[in-house]
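Novice: Could you have a look at this structure, given as structure tokens, before my questions?
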Amino acid sequence: MGRVNHLPRHDEGSRPDVGDETRAHDTATLDDLSPPARGRGRMADEVYDKLLAQLMSQRIVPGSRITIDALAREMGVSQTPIRDALGRMEADDLVVRIPHAGYRIPPQITRSRFEDMVEIRLLLEPAAARRAAERATTEQVARLRGVLDEMVELAEGEVHTYGAFGLRDAVFHDLVAESAGNQVVREALGRLHTHVHLFRLLYDTQVTYLAMGEHDEVLAGIAARDPDAAAYAMRRHILLSAERFGRLFADDGEDDPRFEG
Numbered sequence: 002m003g004r005v006n007h008l009p010r011h012d013e014g015s016r017p018d019v020g021d022e023t024r025a026h027d028t029a030t031l032d033d034l035s036p037p038a039r040g041r042g043r044m045a046d047e048v049y050d051k052l053l054a055q056l057m058s059q060r061i062v063p064g065s066r067i068t069i070d071a072l073a074r075e076m077g078v079s080q081t082p083i084r085d086a087l088g089r090m091e092a093d094d095l096v097v098r099i100p101h102a103g104y105r106i107p108p109q110i111t112r113s114r115f116e117d118m119v120e121i122r123l124l125l126e127p128a129a130a131r132r133a134a135e136r137a138t139t140e141q142v143a144r145l146r147g148v149l150d151e152m153v154e155l156a157e158g159e160v161h162t163y164g165a166f167g168l169r170d171a172v173f174h175d176l177v178a179e180s181a182g183n184q185v186v187r188e189a190l191g192r193l194h195t196h197v198h199l200f201r202l203l204y205d206t207q208v209t210y211l212a213m214g215e216h217d218e219v220l221a222g223i224a225a226r227d228p229d230a231a232a233y234a235m236r237r238h239i240l241l242s243a244e245r246f247g248r249l250f251a252d253d254g255e256d257d258p259r260f261e262g
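Right under this line is the structure:
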């Protein structure tokens, strides 16, 4: 895979503070959480899920600052579950802790991190597809087909934005990992695909029919109970996807990404 350059560094001064009452349009509204009586662990899980949903939908953008006090006030909960949820997000590299300043959503991934992510995907996902071909139930195969059908409907719709399409893409890969029957691999890939999705959203990547065809080949191998075909199709998909998204990085050593029409 060719080398790609660092993504641009954003001017932190131009980024919103999540929870800033003077700029409500930049605030991540986290509502509809269950009352604190439901317990610290469960509340922290709900906070985590809500924050992750905000990231995945771009309601919180890279560079935004998050403060524990502001989030606790918004949600009407104590600081403890907020702190626990942000600690989990820090462990998943979704936020960065800034001493005496709360947390910040990190800038988008660098070239080297992008390549590392591709390498890990190549190690884990073809193996997961192979196991899925051996272990997937009829119901799991049907669910995989259903997700691909939804992606076709989205691609044929009037508005071809990546957001909804990309979420189905993540669901498809998660279902392959689930069908493989290895929860540790599934969890690792889940965290990885969150970063992949956030990276794509930054550039509002358009729906690609190439990826849809590659997904069909992966599913064909799984449905046919052909481990070699499933693993090969997944490896090919990852390599081709990396090539497509690698074009978002410049080749000349500069930080600015190259946008190709």
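Residue numbering for the sequence shown is 2 to 262, as defined by the working numbering.
Here a beta-carbon is modelled for each residue, glycine too, at the ideal position from N, C-alpha and C.
Which residue's Cα is closest to the Cα of leucine 125: Ala181, Arg226, Glu157?
Specialist: Of the listed residues, the one whose Cα sits closest to leucine 125 is Ala181.
Novice: Check whether the Cβ atoms of isoleucine 83 and alanine 73 lie closer than 8 Å to each other.
Specialist: Going by C-beta atoms, isoleucine 83 is nearer than 8 Å to alanine 73.
Novice: Could you check whether isoleucine 239 and alanine 130 sit closer than 8 Å to each other, using their CB atoms as the reference points?
Specialist: Cβ atoms of alanine 130 and isoleucine 239: not closer than 8 Å.
Novice: Grouping DSSP H, G and I as helix and E and B as strand, with all else coil, what is glycine 214?
Specialist: Three-state result, glycine 214: helix.
Novice: Are the beta-carbon atoms of methionine 57 and leucine 168 separated by less than 8 Å?
Specialist: Closer than 8 Å, so yes.
Novice: Work out the CA separation of alanine 225 and leucine 199 for me, nearest whole Å.
Specialist: If I take the Cα positions, the gap works out to 33 Å.
Novice: Relative to the C-alpha of threonine 81, which residue among Glu120, Arg43, Val142, Glu218 is closest?
Specialist: Considering only alpha carbons, the answer is Arg43.
Novice: Measuring alpha carbon to alpha carbon, tell me which of Tyr210, Leu249, Ala243, Phe250 ends up nearest leucine 123.
Specialist: The shortest Cα separation from leucine 123 among Tyr210, Leu249, Ala243, Phe250 belongs to Ala243.
Novice: Below 8 Å on the Cβ atoms is my contact criterion, and I expect leucine 145 with phenylalanine 173 to pass it. Report the Cβ-Cβ distance as a whole number of Å.
Specialist: Yes, they are in contact, since the Cβ atoms of leucine 145 and phenylalanine 173 sit about 7 Å apart, within 8 Å.
Novice: Which residue's Cα is closest to the Cα of glutamine 55: Arg187, Asp70, Val96?
Specialist: Among Arg187, Asp70, Val96, the Cα nearest to that of glutamine 55 is on Val96.
Novice: Assuming contact is defined by CB atoms lying nearer than 8 Å, are aspartate 117 and arginine 192 in contact in what I supplied?
Specialist: Cβ distance not < 8 Å, so aspartate 117 and arginine 192 don't count as in contact.
Novice: Given this structure, state the Cα-to-Cα distance separating glycine 247 from isoleucine 121, to the nearest angstrom.
Specialist: Cα to Cα, the separation comes out at about 16 Å.
Novice: Does glutamate 22 come out as helix, strand or coil in the three-state DSSP assignment?
Specialist: Confidence is the limiting factor: at glutamate 22 the pLDDT is only 38, short of 50, which leaves the residue's position unreliable and the question unanswerable from this model.
Novice: Can you tell me which of the three DSSP states valine 78 falls into?
Specialist: Residue state, collapsed to three classes: coil.
Novice: Closer than 7 Å by C-beta to glycine 103: which residues in its own chain qualify, once you throw out the five before and the five after it? Chain order, please.
Specialist: Once the five neighbours on either side are set aside, the close Cβ partners of glycine 103 are Arg66, Ile67, Thr68, Ile69.
Novice: Please return the same chain residues whose Cβ sits closer than 6 Å to the Cβ of alanine 232, not counting the five positions on each side in sequence.
Specialist: So the list reads Pro127, Ala130, Arg131, once near-sequence residues are dropped.
Novice: Quick one: is isoleucine 110 buried, meaning 16 or more other Cβ sit within 10 Å of its Cβ, or exposed?
Specialist: Under this definition isoleucine 110 is a buried residue.
Novice: Give the straight-line distance between the Cα atoms of valine 142 and leucine 220, rounded to the nearest whole angstrom.
Specialist: Distance between the alpha carbons of valine 142 and leucine 220 is about 8 Å.
Novice: From Ala45, Val186, Val153, pick the residue whose C-alpha is nearest to that of alanine 133; which is it?
Specialist: Residue Val186 is the option with its Cα nearest to alanine 133.
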